[in-house]
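A quick write-up on the structure given underneath.
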Amino acid sequence: MKPISHHSYTQKDQAILREGITHLSFIDRQIIINRFWENFSIEEIADAFLMSWDEVDQSIEDSMEKLKAYCLSQKDFSLHEEPVCSIKV
């Protein structure tokens, strides 16, 4: 996974990402928020959710694929090569 950048996204991109996050399960949503917005390590998240490191890592990978697919399916989403996680919730 690429490191998170501080790329400037449009307000529409941010709204699309926020909508995409609502399509994740509660636990996946919490893992993504904790990892990318709260800067928790995978180990910290695993401890907090009583999961293994591998389970958290897999959840992040799966969720990122879902978010990417959702965002790219939206006609108003600006196509960026940057990861979509640097947007503030």
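Quick note on numbering: the sequence shown equals residues 689 to 777 in my numbering.
The C-beta atom is built at its ideal place from N, Cα and C for all residues, glycine as well.
Test item: CB-CB of residue i and residue j under 9 Å
| i | j | result |
| --- | --- | --- |
| Thr698 | Ser766 | yes |
| Ile720 | Leu712 | yes |
| Ile748 | Arg723 | yes |
| Trp741 | Glu731 | yes |
| Leu755 | Ile709 | yes |
| Glu726 | Tyr758 | no |
Buried versus exposed call for residue i [16 or more other C-beta atoms within 10 Å across all chains shown]
| i | result |
| --- | --- |
| Ala736 | exposed |
| Leu738 | exposed |
| Lys776 | Note on Lys776: pLDDT 49, under 50, position unreliable in the model; no value is reported. |
| Ala734 | buried |
| Asp701 | buried |
| Ser729 | exposed |
| Val744 | buried |
Residue i beta carbon near the ligand ATP (any heavy atom closer than 8 Å)
| i | result |
| --- | --- |
| Arg706 | Looking for the ligand ATP in the displayed structure turns up nothing, as the structure carries no ligands at all. |
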